[in-house]
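Asks: Mapping of the sequence shown onto the working numbering: residues 610 to 1121, in sequence order.
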Amino acid sequence: MTTSVNATTPLTPAAPSALTPERRSWRTTLGNALIITRREVRDSLRDWRIMGPILILTFLFPSLAQFLAGSFSNYLEGFGAQILGDRTIPFLLMIVGFFPISISLVIALETFVGEKERRSLEPLLSTPLSNTELYIGKTLAAILPPLVSSYGGMLVYLYGIVTADSIVWRPPAMLILQIFLLSTVQGLVMITGAVVVSSQTTSTRAANLLASFIIIPVTILIWAESAIMFLAPDAESQNGILSLWAIIVGMGIVIVLLLRVGNSIFNREELLGSMLDKLDIKGFFRRLWRNIRAVDDKGTTARNLIEWYRRGIPLSLRHLGAAIPLVAVFFLAVTVGGYIFGATSDWQLGIPTGLPVGNAASYLEGYGALDFQGLAAGAIFMQNARILLAAALLGMFSFGALALILTPAAYFILGYLASQLVMSGYDIGFIFPAIITHGIFEIPAIIIATAAALKLGSIITRPPKNLNVGSSWTRTLADTIKLWVGLIAPLLLLAAVIEAFVTPGIVAAFLR
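Written as structure tokens, this is what we have:
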């Protein structure tokens, strides 16, 4: 789709080619990168196959969305649900901004691999431009047309809303700003992710298939944002919706990481050298099994189970690197955030004061029969295992991001409930033994499992220097399986038994 830089027209960088990338200033680097950007954007504007869909999505789709907003708002007004219809208006504004970017994602996906298939990449890579200048220039060229189309569509939609006689509701100005920022950061996340995919794949078909790993998480995020717009108690606030500000900041961090990672793993020699990714299923499972049994980075297999535990498990923990402390700090921040949210937001449970806590202690002391406690232990183990396995699976499809969304939910709720008890005048001292008794085993298992899921999803964005993308992901998958079999599952099972048989009695003693 994207027309490449003409092989017959040489590129003239703004700085002498004798300068190494390390000695070039940022102004020079950006100037050289803009050479690529200007030519790529100019070629895109000449291609009617690119501009046609963009213009349709910029002008026709907003008019359709405005019609739907007015019709839906008038329909719900007849049932006394005017506020629901009104909140559809900013939601459709967000959708209007999202569609041009999602459709134009093909521009970013073909940034490098499309040039390679058309055999027009070699002249570009033979220029004296550095890898950083090439990557920045190509990324900017992929970003500008979709973002301009997104902004244009939203402005057309807003103009239609303001001038329409059938729609009298006006969304707060700060909410409009939030939606523009959301469209910007979502578009940048999708485009920068697509450029990373394009620079690491060997065919346009593979790049388009891998695009689902970008579109699916962003679509899920839009579902969450739409629910926030409809249900948030501060939806009409003049300061905007607090949850949307948090999403904007989080997405901004993801953009910076993707740009940094994409630039660090971009290598013109590897891009030209890899022509075909061969699928070798037997070889994959053979390498996976060897990595599961490995006790060092050379792939030496364990001679017995004791050596596997003594050397293999610590090796996999070392491979997780900074993921473990990152997840631990994130869980702590989420717990504190849940407490602050419960203490400051309008979402209050209104727990009655002066309830007889001793009744709960009596119930816990007589907690079920032995066979029921055994069933409870099994249920606790299965629940924790399901959530952590789902986090690992979702992390694979989201560069590890969803692993940090699914598992911390329980800690956010814990902090929220603690704030409600404190606000109602209850002593929350019993929460600490209730958590620590079995949490001494459960919390480390959850942190390690989440860190492994985060690593499994993010390793493809920045593989180790001595490994390619496929080998690094295979090793990380082997580390995940190894940790689950040797450490996570046993710790979860032990924690479940303690939570079912021991924790209730200790909590009851504190409540007395």
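Every residue, glycine too, gets a C-beta built ideally from N, C-alpha and C.
How would you call SER821, buried or exposed, if buried means at least 16 neighbouring beta carbons within 10 angstroms?
Replies: Counting from one through the sequence shown, the residue named residue 821 turns up at place 212. Its Cβ having fewer than 16 others within 10 Å, SER821 is exposed.
Asks: For THR1016, which of helix, strand or coil comes out of DSSP?
Replies: To locate residue 1016, count along the sequence shown from 1; it is residue 407. Looking at THR1016 - three-state DSSP - the assignment turns out to be coil, as it is neither helix nor strand.
Asks: Just the C-alpha distance for LEU851 and GLU834, rounded to the nearest angstrom, thanks.
Replies: Sequence index remark: in the sequence shown, residue 851 carries index 242 (1-based). Sequence index remark: in the sequence shown, residue 834 carries index 225 (1-based). Taking the straight line joining both Cα atoms gives about 11 Å.
Asks: I'd like the span of the alpha helix (DSSP H) that includes TYR948, first residue to last.
Replies: Working through the sequence shown from its first residue, we reach residue 948 at position 339. Counting along the chain, the alpha helix (DSSP H) containing TYR948 begins and ends at 932–953.
Asks: Are the beta-carbon atoms of VAL1116 and ALA1043 separated by less than 8 Å?
Replies: What you label residue 1116 is simply residue 507 of the sequence shown in a count that begins at 1. What you label residue 1043 is simply residue 434 of the sequence shown in a count that begins at 1. Yes, the Cβ-Cβ distance between VAL1116 and ALA1043 is below 8 Å.
Asks: How far does the alpha helix (DSSP H) with ARG927 in it extend, from its first residue to its last?
Replies: Counting from 1 along the sequence shown, the entry for residue 927 is found at position 318. That run of the alpha helix (DSSP H) goes 922–929.
Asks: So LEU840 packs on PHE990, CB below 8 Å; how close in whole Å?
Replies: By one-based count along the sequence shown, residue 840 stands at place 231. By one-based count along the sequence shown, residue 990 stands at place 381. About 33 Å separates the two Cβ atoms, so there is no contact after all.
Asks: Going by CA-CA distance only, name the one from VAL757, VAL1111, TYR1020, THR1083 that's closest to VAL945.
Replies: By 1-based counting over the sequence shown, the position of residue 945 is 336. Nearest option by C-alpha distance: TYR1020.
Asks: Nearest to LEU790 by alpha carbon, out of ASP656, LEU756, THR772, THR813?
Replies: As a position in the sequence shown, residue 790 is number 181, starting the count at 1. When only C-alpha atoms are compared, the closest one is LEU756.
Asks: Quick one, are the C-beta atoms of LEU926 and LEU1086 less than 8 Å apart?
Replies: Here the question's residue 926 lines up with position 317 in the sequence shown. Here the question's residue 1086 lines up with position 477 in the sequence shown. Against a cut-off of 8 Å, the Cβ pair of LEU1086 and LEU926 comes out as no contact.
Asks: Check ALA911 in the structure and name its three-state DSSP category.
Replies: Reading the sequence shown from its first residue, position 302 is the one you call residue 911. Coil at ALA911, not helix or strand.
Asks: Is DSSP giving ALA1010 helix, strand or coil here?
Replies: Position 401 of the sequence shown holds residue 1010. Here ALA1010 sits in coil by DSSP.
Asks: Which runs of the alpha helix (DSSP H) spanning at least 4 residues fall entirely within the segment 997–1077, listed in chain order?
Replies: Taking only runs of at least 4 residues, the alpha helix (DSSP H) segments lying wholly in the segment 997–1077 are 1012–1015, 1018–1032, 1040–1067.
Asks: Could you give the distance in angstroms between the alpha-carbon of ALA1118 and the alpha-carbon of ALA1105?
Replies: Here residue 1118 refers to the residue found at position 509 when the sequence shown is read from its first residue. Here residue 1105 refers to the residue found at position 496 when the sequence shown is read from its first residue. Taking the straight line joining both Cα atoms gives about 20 Å.
Asks: Give me the Cβ distance between THR1089 and ALA1061, rounded to the nearest whole Å; I'm assuming they're in contact under 8 Å.
Replies: If you number the sequence shown from 1, residue 1089 lands on position 480. If you number the sequence shown from 1, residue 1061 lands on position 452. Right, their Cβ atoms sit about 4 Å apart.
Asks: Give the DSSP bridge partners of ALA903, in chain order.
Replies: Position 294 of the sequence shown, counting from 1, holds the residue named residue 903. In the DSSP output, where bridge partners are listed per residue, ALA903 has THR910.
Asks: Grab me the residues of LEU997's own chain with a C-beta within less than 6 Å of its C-beta, minus the 5 sequence neighbours each way, in chain order.
Replies: Here the question's residue 997 lines up with position 388 in the sequence shown. Closer than 6 Å at Cβ, skipping near neighbours: ALA1058.
Asks: Can you list, in chain order, the residues of its chain whose CB lies under 8 Å from that of LYS1064, leaving out five sequence neighbours each side?
Replies: As a first step, residue 1064 must be located in the sequence shown, where it is residue number 455. Counting only Cβ-Cβ distances below 8 Å, and skipping sequence neighbours, we find HIS928, LEU929, GLY930, ALA932, GLY1009, THR1085, ASP1088, THR1089.
Asks: Given 8 Å as the limit, is there contact between the segment 1035–1049 and the segment 902–911, that is, 3 or more CB pairs closer than that?
Replies: The segment 1035–1049, when compared against the segment 902–911, does not touch it at the 8 Å Cβ threshold.
Asks: Taking ALA782 as the reference, which of VAL865, LEU767, THR828, ARG920 has the closest Cα?
Replies: The residue you call residue 782 lines up with position 173 of the sequence shown. That would be LEU767, whose Cα lies nearest to the Cα of ALA782.
Asks: Taking the straight line between their C-alpha atoms, what separation do you get for MET660 and GLY802?
Replies: As a working note, residue 660 is residue 51 in the sequence shown. As a working note, residue 802 is residue 193 in the sequence shown. Each residue's alpha carbon lies about 22 Å from the other.
Asks: Out of curiosity, what's the CA-to-CA distance linking GLY706 and GLY746?
Replies: Sequence index remark: in the sequence shown, residue 706 carries index 97 (1-based). Sequence index remark: in the sequence shown, residue 746 carries index 137 (1-based). Rounded to the nearest angstrom, the two C-alpha atoms are 24 Å apart.
Asks: Going by the beta-carbon positions, is the gap between PRO709 and ILE663 smaller than 8 Å?
Replies: Here residue 709 is taken as the residue at index 100 of the sequence shown, counted from 1. Here residue 663 is taken as the residue at index 54 of the sequence shown, counted from 1. Cβ distance < 8 Å, so PRO709 and ILE663 count as in contact.
Asks: Under 8 Å between the Cβ atoms of VAL805 and ILE864?
Replies: Here residue 805 corresponds to residue number 196 of the sequence shown, with the count starting at 1. Here residue 864 corresponds to residue number 255 of the sequence shown, with the count starting at 1. Not a contact, by the Cβ cut-off of 8 Å.
Asks: If GLN787 and LEU853 are in contact, beta carbons under 8 Å, what's the gap, nearest whole angstrom?
Replies: Position 178 of the sequence shown, counted from the start, is the residue given in the question as residue 787. Position 244 of the sequence shown, counted from the start, is the residue given in the question as residue 853. With 8 Å as the limit, GLN787 and LEU853 qualify as a contact, their Cβ atoms being about 5 Å apart.
Asks: Which residue wins for smallest C-alpha separation from ILE1068, given the options LEU866, SER759, LEU673, ALA750?
Replies: Here residue 1068 refers to the residue found at position 459 of the sequence shown. When only C-alpha atoms are compared, the closest one is LEU866.
Asks: Have a look at GLY871 and ARG1071 and give me their C-alpha separation to the nearest angstrom.
Replies: On the sequence shown, residue 871 is found 262 positions in, with the first residue counted as 1. On the sequence shown, residue 1071 is found 462 positions in, with the first residue counted as 1. Answer to the nearest angstrom: the Cα atoms are 8 Å apart.
Asks: Given that a residue counts as buried once 16 or more other Cβ atoms are within 10 Å of its Cβ, and exposed if not, what is GLY731?
Replies: For the purposes of this step, residue 731 is taken as residue 122 along the sequence shown, with counting starting at 1. It is Glu, not Gly, that sits at residue 731 in the sequence shown. Exposed, since its Cβ has fewer than 16 Cβ neighbours within 10 Å.
Asks: Can you tell me whether PHE1110 is helix, strand or coil according to DSSP?
Replies: Translated into positions along the sequence shown, residue 1110 becomes position 501. Here PHE1110 sits in helix by DSSP.
Asks: Starting from ASP652, trace the alpha helix (DSSP H) in both directions and tell me its first and last residue.
Replies: Your numbering for residue 652 matches position 43 in the sequence shown. Start and end: 635–655.
Asks: Would you kindly report the start and end of the unbroken alpha helix (DSSP H) that includes GLU719?
Replies: Along the sequence shown, read from residue 1 onward, the residue named residue 719 stands at position 110. Where GLU719 is concerned, there is no enclosing alpha helix (DSSP H), given that its DSSP letter is neither H nor E.
Asks: What number of angstroms, rounded off, separates the C-alpha of PRO1073 from the C-alpha of LEU924?
Replies: Along the sequence shown, read from residue 1 onward, the residue named residue 1073 stands at position 464. Along the sequence shown, read from residue 1 onward, the residue named residue 924 stands at position 315. Between PRO1073 and LEU924, the C-alpha separation is close to 15 Å.
Asks: Can you find the residues in the same chain that come closer than 8 Å, C-beta to C-beta, to SER1081, ignoring five residues on each side of it along the sequence?
Replies: Within the sequence shown, numbered from 1, the residue matching residue 1081 stands at position 472. Hits under 8 Å: ILE1068, ILE1069, PRO1072, PRO1073.
Asks: CA-CA distance, GLN957 and SER758?
Replies: Locating residue 957 in the sequence shown gives position 348, counting from the first residue. Locating residue 758 in the sequence shown gives position 149, counting from the first residue. Those two C-alpha atoms are separated by around 42 Å.
Asks: Short of 6 Å in beta carbon distance, which residues of its chain neighbour ILE960, apart from the five on each side in sequence? Order them along the chain.
Replies: Taking the sequence shown and counting its residues from 1, the one referred to as residue 960 is at position 351. GLN1029, SER1033, listed in sequence order.
Asks: Among GLU742, ILE825, LEU666, THR793, whose alpha-carbon lies nearest the alpha-carbon of ARG636?
Replies: Numbered from 1 along the sequence shown, position 27 holds the residue referred to as residue 636. Looking at the Cα atoms, GLU742 is the closest of the given residues.
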